[in-house]
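Heads up: the structure comes next, in structure tokens.
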Amino acid sequence: MKRGLVWFTEDLRVDDNETLLKALEENDEILPVYFWEDYAEKRQFSIPRMGNSRKAFILESLNNLQQQFQSRGGSLMMVNGSAENELSRLCQTFSVRKVYTKKQVGSEEKMLQSEIKQQLLKIGVDFQTYSTSTLYHPDDLPFSVRDIPMLFTKFRKLAEKESKVRTPFDAPLRINTPHFEVFPAEMIERATPDWMVGGEDAGQQRLAEFIWKSQSIRTYKETRDQLTGLNFSSKFSAWLSQGCISPRRIYSEIKRFEHEVVSNESTYWVVFELLWRDFFRFSFKKHPKAYFLLNGLGQQALYTQFDPSKFEAWTQGKTSESLINAGMNELRVSGFVSNRMRQILASYWVFGLQQDWRYGAAWFEHCLVDYDVASNWGNWAYIAGVGNDNRGGREFNIEKQTQLFDRDGEYRSKWNTD
Ligand SMILES: Cc1cc2nc3c(=O)[nH]c(=O)nc-3n(C[C@H](O)[C@H](O)[C@H](O)COP(=O)(O)OP(=O)(O)OC[C@H]3O[C@@H](n4cnc5c(N)ncnc54)[C@H](O)[C@@H]3O)c2cc1C
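Using this note's numbering, you'd call the opening residue of the sequence shown number 3 and step up by one each time.
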């Protein structure tokens, strides 16, 4: 019997999952595994990498993935421990001949994958990775990752002109896995918004809600900069970050909506934003380490200092700016803030408080449920003026932003409760 192991990471879905489909195609049986490590133990700049909100979302996503497997005749194995310690042992115990997994984008994760590949080769197990998280498949781009343009507009124009988004794969109907005891992922307390439920089913429901039921996609371009509410933006990000939904599935639904209902600037603009996501992911592949450096892609960082008391005030919503305090409270408590608010908060840390931008990025990494290595560090570097920007960063005027987006003070009073 041929058996393959599918190592799940940020691809917690059965729909449009090429890794899973290839393993099913090449084997009689697959062993789907997720390794749960205590990320709270991992720190950068002394800040724990993952807060409870994201942890809860991942655990919910895993339980939903388990249901996806069980409804198709199989089970997902959740292992407490790291892939580097557990994967080889599992391959030997279950006589696995090949491991299938998603290609990683972060530098540490990539290094880990290549170490694991060597470990597995030593015991005669093949290792294959697949690109499953971008809208455009990297093989379809009109340039190699090494030659990706530095500026987004050039990237977008070339990609749109010379590449096509592939059709998403349907979910498999049946999944054969060996028998093993299944334990549900433990649930933990969370204070995230009600709509932010982890898992593929919830992600698909949100897709249907935003595009078809509320048809909020019709006006997305005009509403996307708002600070509060459910439908002013898609809210796809957390499901995208954990791979509960694929960008190609979103794209194919947008195309269907454009064909059957309406096609306008707003429907296109969601695709435009997904292209930003792709852009940062591909740029990360080109510069796997640079986005974590003070000077980023090579420009001189404006501010290099770190003042712990300023960090405390910023993170705890105790600065002199009530808009900033509201945003930081929302981020800390709910694990989500709108794109405009992220820009304002990041700009204030860099230009208002004049601090090393990387501490801000690390705090966002801790708090955000939708944390994504490329989108977070890429956007932060961009705002700080050390990323894919040739304008020296982006500073937001707080007074002006308040007038534009919270003139009546509703947002500030909602999140400034002391
Ligand atoms: C400082 C900063 C940090 C950020 N950190 C993250 C992060 O860790 N994870 C994350 O997913 N996004 C991040 N973003 C991008 C963006 O703010 C969020 O993707 C967006 O607010 C999520 O809400 P939404 O799904 O309703 O987005 P929508 O406005 O509905 O956009 C649709 C999708 O397009 C993508 N997208 C939108 N804007 C951007 C952008 N600027 N860069 C990359 N992709 C984008 C997202 O996948 C999003 O779900 C960050 C932005 C800033 C300024």
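For each residue, glycine too, the CB sits at the ideal point set by N, CA and C.
Predicted model, so just to flag it, every value in this text is computed and none were measured.
Q) Short check: CB of Y222 to CB of W271, under 8 Å? A) Yes, Cβ-Cβ distance for Y222 and W271 is below 8 Å.
Q. Which of helix, strand or coil does DSSP assign to T103?
A. Three-state result, T103: strand.
Q. So, using beta-carbon positions, are I247 and R15 closer together than 8 Å?
A. In contact: I247 and R15 (Cβ atoms closer than 8 Å).
Q | E275 CB to nearest heavy atom of ligand 1 below 7 Å | A | Yes - ligand 1 has a heavy atom lying nearer than 7 Å to the Cβ of E275.
(Q) Short of 7 Å in beta carbon distance, which residues of its chain neighbour K312, apart from the five on each side in sequence? Order them along the chain. (A) Contacts found: L355 and Q357.
(Q) Between P140 and F284, how many whole angstroms is the CB-CB distance? I'm expecting something under 8 Å. (A) With 8 Å as the limit, P140 and F284 qualify as a contact, their Cβ atoms being about 7 Å apart.
Q.
My output table needs one value for G329: the three-state DSSP class, helix, strand or coil.
A. In the structure shown, G329 sits in a helix (DSSP, three-state: H, G or I).
Q. Taking the C-alpha atoms as reference points, what is the distance between G245 and E12?
A. One C-alpha to the other measures close to 5 Å.
Q. So T269 packs on I219, CB below 8 Å; how close in whole Å?
A. The Cβ separation is near 5 Å, so the contact holds.
Q: Check whether the Cβ of D374 sits closer than 7 Å to any heavy atom of ligand 1, and report yes or no.
A: Yes, ligand 1 has a heavy atom inside 7 Å of this Cβ.
Q. Is F185 buried or exposed, if buried means 16 or more other CB atoms sit within 10 Å of its CB?
A. F185 comes out exposed.
(Q) Suppose contacts are defined by Cβ-Cβ distances below 8 Å. Is L1 in contact with V167 by that definition? (A) Coverage of the chain is limited to positions 3 through 420, which leaves residue 1 absent and any answer about it impossible.
**Q.** D280, DSSP secondary structure in three states
**A.** Reduced to three states, the DSSP call for D280 is helix.
Q) Taking three-plus beta-carbon pairs below 8 Å as touching, is the segment 56-70 in contact with the segment 102-110? A) The answer is no - the segment 102-110 does not touch the segment 56-70, with fewer than three Cβ pairs under 8 Å.
Q | Beta-carbon separation (whole angstroms), N378 vs R226, contact threshold 8 Å | A | Incorrect: roughly 19 Å between the Cβ atoms, too far for contact.
Q | Length of the line joining the Cα atoms of W278 and F366 | A | If you take the alpha carbons of W278 and F366, they lie about 18 Å apart.
**Q.** Straight-line gap, V8 to T131 (C-alpha atoms, nearest Å)
**A.** Rounded to whole angstroms, V8 to T131 spans 10 Å at the Cα level.
**Q.** Pair within 8 Å by beta-carbon distance, T179 and G76
**A.** Yes, the Cβ-Cβ distance between T179 and G76 is below 8 Å.
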